[in-house]
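Comments concern the structure below.
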Amino acid sequence: MAESARIANVKQIAILGSTGSIGTSTLDICRRYPERYRVVALAAGRNLDLLLQQCAEWRPAVVSVADEQLADELAQRLRKADVTGIEIAHGSAGTVRVATLPQVDFVVSAIVGVAGLEATYAAVCAGKAVGLANKEAMVAAGELITAAARANHVALLPIDSEHNAIHQCMRGGTPAEVKQIWLTASGGPFRNTPLADFDGITPAQALKHPTWVMGQRITVDSATMLNKGLEIIEACRLFDLPPDKVRVTVHPQSTIHSLVEYVDGSILAQLSVTDMRLPILYALAYPERVPSELTFDLAALSHLDFQQPDFQRFPCLRLAYEAARAGGAHCIALNAADEVAVDAFLRGEMPFTGIARTIERVLELTPSRTPADIAEVLLIDRACRETATQVAADTPVSH
Ligand SMILES: NC(=O)c1ccc[n+]([C@@H]2O[C@H](COP(=O)([O-])OP(=O)(O)OC[C@H]3O[C@@H](n4cnc5c(N)ncnc54)[C@H](OP(=O)(O)O)[C@@H]3O)[C@@H](O)[C@H]2O)c1
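This note's numbering applies: residue 1 is where the sequence shown begins, and numbers increase by one.
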């Protein structure tokens with residue numbers, strides 16, 4: 001292909017959460033495929049050191065940080081480093097600016113938590129293709145996001161490895177031919193820990209995931225299996241399935257990333273390395289597949305184990321199914337209560353088992369309600385956080 005034609009096909013990328021685990025993996029993919037992807041906008045939170053390096057390397061048109069003070073500091077440091085010509089924005093308006101920049105073709109949504117919601121929704125409404133890692137946005141407002149995607153003919157491409165695997169396996173049949181889907185779960189670090197020891201689990205233990213290296217919140221969520229719960233809701237919304245058609249199987253090797261079972265009895269699975277760069281590359285390249293070095297050594301594969309999830313040891317899984325069936329405000333409450341409880345656990349202010357107890361209590365206290373728009377989602381989210389903060393304050397640190 002002539003160089004000029006190739007340049008014309010370069011996708012212009014915006015990354016929300018560029019300083020995080022998914023954000024840096026996305027940049028690594030862009031670095032490896034400069035003929036395909038060009039980074040034009042970045043949004044981060046508070047990590048100015050890394051963001052400064054990213055600005056120097058990628059020279060984006062716009063960059064956004066969490067607040068005005070950080071924006072001023074970044075401006076000063078960029079001037080000192082002689083990195084010029086970058087528009088600096090901040091706050092939720094800043095992330096929305098990054099997500100909706102006219103020249104952007106593809107937005108990678110990888111801010112952690114509900115903080116990524118407004119910009120993800122804005123990207124879809126602006127007609128951008130979205131690579132979706134920020135599962136909390138789908139949990140809190142999945143129905144609104146998928147409706148906007150349909151209305152704007154926008155592709156929502158899952159980056160979460162399980163949903164990415166389902167997306168790939170769904171290419172093997174029609175939606176009506178799907179009997180059910182199976183999300184695989186590693187089971188986290190406490191799969192075999194006796195229930196009696198759960199109260200004594202420390203943040204350092206919870207932050208050691210057996211198969212994946214990820215940000216702090218998702219790592220703790222994997223240890224409680226609330227992460228799988230959020231993924232159940234995300235899958236219902238992305239693939240338009242009821243909760244009872246979204247099943248979970250514990251697969252400690254994390255080799256199969258998920259499976260689709262069809263009505264004729266065939267089950268399609270997706271296997272690959274445990275490296276998030278592969279689902280990111282799939283999302284960026286879709287509907288194409290591009291060659292990569294992320295190969296999987298099939299010969300080294302000795303066995304694949306599958307177990308039923310233990311709902312007693314991991315009550316968050318039961319709570320997530322309950323929230324998925326209730327929908328609306330209960331899904332928002334599940335996520336908001338978890339964000340508050342995980343923060344308290346990481347600060348040493350709540351025992352590990354307090355996370356599920358906090359979520360359960362907040363779900364009980366949340367009235368049923370279906371939000372009509374994103375503003376209402378954020379209103380419910382704020383109310384649930386206040387409730388969760390009160391519940392967390394009443395939860396003793398140890399027993
Ligand atoms: N990591 C994985 O393997 C993985 C897999 C599947 C799905 N996911 C999902 O992907 C999302 C990101 O996960 P992660 O592991 O990459 O998290 P992470 O490493 O903790 O990174 C989070 C990113 O969000 C940014 N951020 C936080 N609050 C912000 C705010 N108010 N405004 C703007 N940016 C903000 C952070 O910026 P600073 O660091 O600069 O503050 C950072 O860039 C989560 O929703 C997670 O569930 C992750």
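The C-beta atom is built at its ideal place from N, Cα and C for all residues, glycine as well.
The model shown is predicted, which means the values in this text are computed figures rather than measured ones.
If I follow the unbroken beta strand (DSSP E) through residue i, where does it start and stop?
i: R247; result: V246 to V250
i: S258; result: I256 to Y262
i: S64; result: V62 to V65
Could you tell me the distance, in whole angstroms, from the CA atom of residue i to the CA atom of residue j?
i: S18; j: R277; result: 14 Å
i: I111; j: A129; result: 16 Å
i: R77; j: L52; result: 8 Å
i: T366; j: I332; result: 10 Å
i: C125; j: T255; result: 35 Å
i: V10; j: A133; result: 22 Å
i: V139; j: L230; result: 6 Å
i: V114; j: F198; result: 28 Å
i: T295; j: P309; result: 29 Å
i: A14; j: R247; result: 33 Å
i: S4; j: V108; result: Unreliable placement is indicated for S4, whose pLDDT of 42 sits below 50; the coordinate value is still reported in the next sentence. Spanning the two alpha carbons is a distance of roughly 26 Å.
i: C55; j: Y33; result: 18 Å
i: L74; j: L48; result: 7 Å
i: A372; j: Y121; result: 14 Å
i: A66; j: R97; result: 13 Å
i: T395; j: F311; result: 22 Å
i: R313; j: P242; result: 24 Å
i: R36; j: P287; result: 14 Å
Check for me: the alpha helix (DSSP H) holding residue i runs from which residue to which?
i: E68; result: E68 to K80
i: R32; result: S21 to R32
i: A329; result: A329 to L346
i: E57; result: L48 to W58
i: E376; result: I374 to A393
Please look up how many angstroms separate the CB atoms of residue i and residue j, rounded, as I've assumed it's under 8 Å.
i: P279; j: I159; result: 5 Å
i: T224; j: I355; result: 5 Å
i: A341; j: A392; result: 6 Å
i: V39; j: W58; result: 4 Å
i: S222; j: G188; result: 5 Å
* alpha helix (DSSP H) runs wholly inside the region 109-178, at least 4 long, in chain order -> 117-125, 135-151 and 161-169
* Asked: So, do the region 358-372 and the region 330-346 have three or more beta carbon pairs nearer to each other than 8 Å?
  -> yes
* **At least 3 beta-carbon pairs within less than 8 Å: the region 119-134 vs the region 317-326** => no
* Touch test, the region 141-152 against the region 236-246, Cβ-Cβ under 8 Å, three pairs minimum -> yes
* Should the region 373-384 be regarded as contacting the region 347-359, the criterion being three or more beta carbon pairs within less than 8 Å? -> no
* Can at least three beta-carbon pairs, one atom from the region 311-319 and one from the region 265-272, be found at a separation below 8 Å? -> no
* Asked: Is the number of C-beta pairs between the region 90-102 and the region 239-254 that are closer than 8 Å three or more?
  -> no
* Determine, using beta-carbon pairs with one atom in the region 218-227 and one in the region 169-182, whether at least three such pairs fall under 8 Å. => no
* **Every unbroken beta strand (DSSP E) inside the region 209-254 [3 residues or more]** => 246-250
* Asked: Quick check: the region 202-212 against the region 284-301, are there 3 or more CB pairs under 8 Å?
  -> no
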